[in-house]
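Shown next, in structure tokens, is the structure this report addresses.
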Amino acid sequence: MNEFREYEVWFVTGSQHLYGETALKQVAENSQALVSGLAQTGKLPYRVVFKPVVTGAEGIHNLCLEANNSSGCVGLITWMHTFSPAKMWIAGLKSLAKPWVHLHTQFRAQLPWSSIDMDFMNLNQSAHGDREFGFIGSRMRLNRKVIVGHWQDEDVLGSLAAWMRAAAAWLDMQGAKVARFGDNMRDVAVTEGDKVAAQLRFGYSVLGYGVGELVDTVQDVPDRAVEQLVEEYLDQYDVSTAMRPKGERHSALCEAARIELGMTAFLEQGGFKAFTTTFEDLHGLSQLPGLAVQRLMGRGYGFGAEGDWKTSALVRAMKVMGAGLKGGTSFMEDYTYDLRGADSRVLGAHMLEVCESLAGPKPSLELHSLSIGGKADPPRLVFDVHPGPAINATVLDMGNRFRMLVNPVEVVEADQPLGRLPVARAVWIPRPNLKTAAGAWILAGGAHHTGFSQALTAEHLEDFARMAGIEYLCIDEETNLSRFENELRWNDAYYHMASASGW
20 MNEFREYEVW
30 FVTGSQHLYG
40 ETALKQVAEN
50 SQALVSGLAQ
60 TGKLPYRVVF
70 KPVVTGAEGI
80 HNLCLEANNS
90 SGCVGLITWM
100 HTFSPAKMWI
110 AGLKSLAKPW
120 VHLHTQFRAQ
130 LPWSSIDMDF
140 MNLNQSAHGD
150 REFGFIGSRM
160 RLNRKVIVGH
170 WQDEDVLGSL
180 AAWMRAAAAW
190 LDMQGAKVAR
200 FGDNMRDVAV
210 TEGDKVAAQL
220 RFGYSVLGYG
230 VGELVDTVQD
240 VPDRAVEQLV
250 EEYLDQYDVS
260 TAMRPKGERH
270 SALCEAARIE
280 LGMTAFLEQG
290 GFKAFTTTFE
300 DLHGLSQLPG
310 LAVQRLMGRG
320 YGFGAEGDWK
330 TSALVRAMKV
340 MGAGLKGGTS
350 FMEDYTYDLR
360 GADSRVLGAH
370 MLEVCESLAG
380 PKPSLELHSL
390 SIGGKADPPR
400 LVFDVHPGPA
410 INATVLDMGN
420 RFRMLVNPVE
430 VVEADQPLGR
440 LPVARAVWIP
450 RPNLKTAAGA
460 WILAGGAHHT
470 GFSQALTAEH
480 LEDFARMAGI
490 EYLCIDEETN
500 LSRFENELRW
510 NDAYYHMASA
520 SGW
């Protein structure tokens, strides 16, 4: 995921010529110092680039067009150091295709009470300059994040960092390709959806391939490459005795390596960032890809099981947002419950495909029966996800819009060892509790497949949903089921009217 380190965010300061050259020179110096100060904090994931202060409609428009055409610019941070008449921002904001965040701050945190004069007041007008700028954003009904506070405050830096990560994921999604090996699991509703609507809304395309095309690539993998990858497995994981060299099931591990190498080659050659599989479409493959999926997700690919392309794209976006942060991100599924009243919890897992980024330093590589799909027993990494905060998220096609649903959770240790459960797994308590969280999730139509992350917070995904212009719902400590049902009704009414009016 190192390719994202080249991304940058442009810092754009608004003013006007009314104040004169001396004041504008000071505005530029303060803005440059602010940008340098942001870099020195070490709290932001990408470089912030100072752009010359804008004072007129033509300059603003040209800067927005330049941002659109920059492959490395993920978005703009806007700040009105002084009053900046907002009509001159209309053409630029209409043309801007990159996300932007409105930073409502001022250069100095505290007022120099004894020395304040009108020169100081005219220069430091963010308090009402940003209100003028805020009006035009609202009048144009533009999606943007507003961050309020001094630019050196920890909460402000944290919100800026979250927005920057979401903006990077949004840029990464534009033109991305998702490969579907086989189709959706038959008769399943929630994994279906409108792929054209998704491409229009999110920017990624979904391309289907028969499993035979993947099989051809797998069969072309040289034996020596398989041997080298098996050696890597033996070095990185605790491999069960039966799959080690000379073990009676060593051939199964070799076949898993061949599938991984074939899938990798297919995805790299096609320039894909995410993919899906399904156990109902395995013709020509000896086993369901399990280890391959776990390791490909570990390298940053998005994944969705049973043809779930929406979750595959979401997992990829979450991978980009979490790049460099502590904690992993994976495809996940709410599988079964431990119902114990107020302390009820979820056991999350999948048949095979939980990303190794959630594992400890050396997970176990084991071979077990899959008991579904009618194929040979596939190797898989088995581990417990570490305790700590996490989020569960899903994207749904509601017919007239896409909906993102997010639930913060707390991963906990299992009460007893899960020695007979042959898959990677996580145990968590949803917020505010399972009864409320599961009720709200079901009322909202939440899918059983999710993107699960111990690196991200709900703020990252809320920022991303805002950039995409999709509905966002968060189930958290403040959730009350009656109010949540009303929110769903209000949202239905809003999106119906917005669609009819062309908002």
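Take the sequence shown: its position 193, counting from 1, is numbered 212 in our numbering, and each next residue is one higher.
For every residue, glycine included, the Cβ atom is placed at its ideal position computed from N, Cα and C.
In terms of residues, what are the limits of the beta strand (DSSP E) holding Arg199?
-> Note, Arg199: beta strand (DSSP E), 196 to 200.
Cα separation between Leu280 and Ser103?
-> Approximately 56 Å between the Cα atoms of the pair.
List the whole-angstrom C-beta distance separating Val428 from Ile448, where the pair is believed to meet the contact cut-off of C-beta under 8 Å.
-> Yes, Val428 and Ile448 are in contact; Cβ-Cβ is about 6 Å, under 8 Å.
Glu173 to Glu375, Cα distance in whole Å?
-> Between Glu173 and Glu375, the alpha-carbon positions lie close to 31 Å from each other.
Between the Cα of Ala368 and those of Ala332, Gly470, Gly343, spot the shortest distance and give me the residue it belongs to.
-> Cα-wise, what sits closest to Ala368 is Gly470.
May I ask you to report which of helix, strand or coil DSSP gives Ser90?
-> Ser90: coil per DSSP, three-state reduction.
Candidates Val230, Leu377, Leu386, Leu190: which alpha carbon is nearest Asp403's?
-> Nearest C-alpha to Asp403 among Val230, Leu377, Leu386, Leu190: Leu377.
Below 7 Å CB to CB, which residues in the same chain sit around Gly168 once its five sequence neighbours on both sides are set aside?
-> Contacts found: Thr124, Asp174, Val175.
How big is the Cα-Cα spacing for Leu415 and Gly465?
-> Gly465 has its alpha-carbon roughly 7 Å from the corresponding atom of Leu415.
Kindly provide the ranges of any alpha helix (DSSP H) runs that are 4 or more residues long and lie completely inside the region 309 to 341, ordered along the chain.
-> Complete alpha helix (DSSP H) runs here, min 4: 310 to 317, 328 to 340.
Please go through the same chain and pick out, in chain order, the residues whose beta-carbon is closer than 8 Å to the beta-carbon of Ile96, but skip the five residues on each side of it.
-> Cβ within range, chain order: Val28, Trp29, Phe30, Val31, Val67, Trp119, Val120, Leu122, Leu179.
Which stretch, first to last residue, makes up the beta strand (DSSP E) that contains Arg364?
-> Where Arg364 is concerned, the enclosing beta strand (DSSP E) stretches over 364 to 367.
Got a sec? Which residues, its chain only, sit under 7 Å from Pro406 by beta carbon, not counting five neighbours each side?
-> Annotation for Pro406: Val430, Val431, Glu432 place their beta carbon closer than 7 Å to its own, counting only its chain and skipping 5 residues before and after.
Using 10 angstroms around the beta-carbon of Asn203, count the other beta-carbons present and answer buried if the total reaches 16, otherwise exposed.
-> That one is buried.
Under 8 Å Cβ to Cβ from Pro462, same chain only, skipping five residues before and after it: list those, please.
-> As written in the sequence, residue 462 is Leu, which differs from the Pro given in the question. If we look at Leu462 and ignore the five residues flanking it on each side, its Cβ neighbours are Leu500, Phe503, Glu504, Leu507.
State the Cα-Cα distance for the pair His302 and Gly231, rounded to the nearest angstrom.
-> Computed Cα separation, rounded: 7 Å.
Neighbourhood of Ala47 by C-beta, 8 Å cutoff - its chain only, sequence neighbours within 5 removed = The residues Thr32, Pro71, Val72, in chain order, have a CB closer than 8 Å to that of Ala47 in the same chain once the five nearest residues on each side in sequence are set aside.
In terms of residue numbering, what span does the beta strand (DSSP E) encompassing Leu400 cover?
-> Start and end: 398 to 401.
Relative to the C-alpha of Asp434, which residue among Glu274, Gln45, Gln218, Val365 is closest?
-> The shortest Cα separation from Asp434 among Glu274, Gln45, Gln218, Val365 belongs to Val365.
Secondary structure of Arg163, DSSP reduced to three states = Residue state, collapsed to three classes: coil.
According to the neighbour-count rule (16 or more other Cβ atoms, all chains shown, within 10 Å of its Cβ), is Glu325 buried or exposed?
-> Only buried fits Glu325, as 16 or more other CB atoms lie within 10 angstroms of its CB.
Can you tell me whether Trp460 is buried or exposed, with buried defined as 16 or more other CB within 10 angstroms of its CB?
-> By the neighbour-count rule (16 or more Cβ atoms within 10 Å), Trp460 is buried.
Neighbourhood of Gly317 by C-beta distance below 7 Å, restricted to the same chain and skipping five residues each side = For Gly317, where only same-chain residues beyond five positions count, the Cβ hits under 7 Å are Cys374, Glu375, Ser376.
Less than 8 Å between the CB atoms is what I'm expecting for Glu299 and Gly201, so what's the real figure, rounded?
-> Contact between Glu299 and Gly201 holds, with the beta-carbon distance rounding to 7 Å and staying under 8 Å.
Measure the C-alpha to C-alpha separation of Ala261 and Pro441 and round it to an integer number of angstroms.
-> CA-CA distance, Ala261 to Pro441, rounds to 15 Å.
Please classify Gly156: does DSSP put it in a helix, a strand, or coil?
-> Looking at Gly156 - three-state DSSP - the assignment turns out to be helix.
Tell me whether Tyr26 sits in a helix, a strand or coil according to DSSP, three-state version.
-> It is coil, neither helix nor strand.
Tell me which same chain residues have a C-beta within less than 6 Å of the C-beta of Glu478, skipping the five on either side of it?
-> The answer, listed in chain order, is Ala181.
Label Lys164 either buried or exposed according to how many other C-beta atoms from any shown protein chain fall within 10 Å of its C-beta, with 16 as the threshold for buried.
-> Buried, since its Cβ has 16 or more Cβ neighbours within 10 Å.
How would you label Gln473, buried or exposed, when you count the other beta carbons within 10 angstroms and need 16 or more for buried?
-> Classification for Gln473: buried.
For Gly309 and Arg220, believed in contact at Cβ under 8 Å, the rounded distance | Going by Cβ atoms, the distance from Arg220 to Gly309 rounds to 31 Å, so no, they are not a contact pair.
Cα separation between Asp529 and Phe139?
-> Outside the shown range of the chain (20 to 522) lies residue 529, about which nothing can therefore be said.
Proximal residues to Gln144 (C-beta, below 6 Å), its chain only, five neighbours per side dropped | Sequence-distant Cβ neighbours of Gln144 in its own chain, meaning closer than 6 Å and more than five residues away, are Thr101, Phe102.
Does DSSP classify Ala76 as helix, strand or coil?
-> In the three-state scheme derived from DSSP, where H, G and I count as helix and E and B as strand, Ala76 is classed as helix.
For my contact list, Asp396 and Ser383 are in at a C-beta cut-off of 8 Å; report their separation, rounded to the angstrom.
-> Wrong, their Cβ atoms sit about 15 Å apart, outside the cutoff.
Using a beta-carbon distance below 9 Å, is Ser103 in contact with chain C?
-> Structure shown: chain C not included; a single protein chain is present.
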